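Worksheet: the structure to be examined is printed underneath.
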Amino acid sequence: MKQKNKNIVQITSGKGPVECEFFVQETFNLMKKEMEMLKLDYKVVEMTKGEVSGFQSITFEVEENPEFLNSWKGSIQFIGKSKFRPHHQRKNWFIGVFEIENFFELEIHEKELDFQTMRSSGNGGQNVNKVNSAVRVTHLPTKIQVVAMDSRSQLENKKIAVERLKLKILEINAKKSSAQKQNQWMNHLQLERGNPKKIFKM
32 MKQKNKNIVQ
42 ITSGKGPVEC
52 EFFVQETFNL
62 MKKEMEMLKL
72 DYKVVEMTKG
82 EVSGFQSITF
92 EVEENPEFLN
102 SWKGSIQFIG
112 KSKFRPHHQR
122 KNWFIGVFEI
132 ENFFELEIHE
142 KELDFQTMRS
152 SGNGGQNVNK
162 VNSAVRVTHL
172 PTKIQVVAMD
182 SRSQLENKKI
192 AVERLKLKIL
202 EINAKKSSAQ
212 KQNQWMNHLQ
222 LERGNPKKIF
232 KM
């Protein structure tokens with residue numbers, strides 16, 4: 032069975048006030064209804080709570096559907112009085128919907144790996160040191176290397192090395208993703224003055 036492609040989407044209040052955090056949640060609720068209506072699989076990845084109500088951001092994974100995603104991507108405008116500050120003059124509130132590059136769909140192919148065997152060192156008994164049971168694996172596209180010498184079995188060390196390599200790449204990619212999220216916040220601030228993708232009157 033063919034695996035469905037996924038998109039990672041972030042709804043963000045940017046650095047907006049509590050009203051924007053409330054509308055982040057409202058936007059997710061609206062998108063959720065539409066995803067369920069379209070029978071799209073989705074899963075919440077991360078939710079960052081707001082100061083008073085709602086969320087600063089909600090990140091979720093959804094089955095690929097360009098028409099659905101493109102209808103939401105950009106700034107979303109809500110028009111209405113603040114439910115948190117009734118006497119506040121502002122009536123226009125903006126939040127952003129962005130697609131985030133999926134760093135976490137990690138597939139490592141055998142042809143991208145270079146394996147080297149070597150003698151194990153350290154604790155493990157005499158037998159460990161007599162044979163080339165340790166394994167160093169290099170991920171050729173990124174040049175990231177890891178070594179496994181946990182087992183007396185070269186085959187077992189090879190498996191451990193690949194899993195360890197995946198974790199190391201994911202750790203690096205997580206840092207990239209965090210930096211990209213910061214860019215999403217800045218994008219939102221720039222989009223606020225642009226033409227909103229959707230307008231809701233509350």
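Every number in our numbering is 31 more than the matching position in the sequence shown, counting from 1. Cβ atoms here follow ideal geometry from the backbone N, Cα and C, with glycine treated the same way. What you are looking at is a predicted structure, and each value in this text was computed from that prediction instead of being measured.
How many angstroms separate the CA atom of residue i from the CA atom of residue j?
i      : j      : result
Met68  : Thr58  : 15 Å
Gly156 : Asn38  : Interpretation of Gly156 is limited by its pLDDT of 47, a score under 50 that renders its predicted location unreliable; no figure is taken from the coordinates.
Val159 : Ile203 : Low local confidence applies: a pLDDT of 46 at Val159 is under 50, so the model's placement there is unreliable, and no value is given.
Lys104 : Gln87  : 17 Å
Met62  : Asp145 : 44 Å
Ser164 : Arg150 : 6 Å
Lys70  : Phe129 : 21 Å
Gln120 : Lys114 : 12 Å
Arg195 : Thr169 : 11 Å
Glu50  : Lys228 : 19 Å
Pro29  : Glu77  : Here the chain has residues from 32 to 233 only, and residue 29 is not among them.
Compare the beta carbon distance of residue i and residue j with 9 Å and say whether it is the shorter of the two.
i      : j      : result
Lys232 : Gly111 : yes
Ser102 : Gln56  : no
Met180 : Val166 : yes
Phe99  : Glu65  : yes
Glu95  : Asn36  : yes
Phe54  : Ile230 : no
Looking at the secondary structure, which residues open and close the alpha helix (DSSP H) in which residue i lies?
i      : result
Val55  : 49-68
Asn101 : 97-101
Within 10 angstroms of its Cβ, does residue i collect 16 or more other Cβ (buried), or is it exposed?
i      : result
Glu52  : buried
Leu186 : exposed
Thr173 : exposed
Asn188 : buried
Lys33  : Reliability fails at Lys33, whose pLDDT of 49 lies under 50, so the model's placement of it is uncertain and the value that follows must be treated cautiously. The residue in question, Lys33, is exposed, as its Cβ has fewer than 16 Cβ neighbours within 10 Å.
Ser44  : buried
Ile191 : buried
Leu201 : exposed
Ile175 : exposed
Asn89  : Going by the sequence as given, residue 89 is Ile instead of Asn. Ile89 comes out buried.
Under the assumption that residue i contacts residue j (Cβ atoms under 8 Å), give the Cβ distance between them as a whole number of angstroms.
i      : j      : result
Val40  : Val93  : 6 Å
Ile107 : Ile126 : 5 Å
Leu171 : Glu143 : 5 Å
Which residues bound the beta strand (DSSP E) around residue i?
i      : result
Glu94  : 86-94
Arg260 : Past the edges of the chain, shown from 32 to 233, lies residue 260, and the structure says nothing about it.
Phe115 : That residue, Phe115, is in no beta strand (DSSP E); it is neither H nor E in DSSP.
Val128 : 123-131
Ile300 : The question about residue 300 has no answer, for the chain in this structure spans 32 to 233.
Ile230 : 229-232
Leu71  : Leu71 -> no beta strand (DSSP E), and no H or E assigned at all.
Regarding residue i and the ligand ZN, is the C-beta to nearest heavy atom distance less than 8 Å?
i      : result
Gln147 : By its list of ligands, the structure shown contains no ligand whatsoever, and the ligand ZN lies outside what it can speak to.
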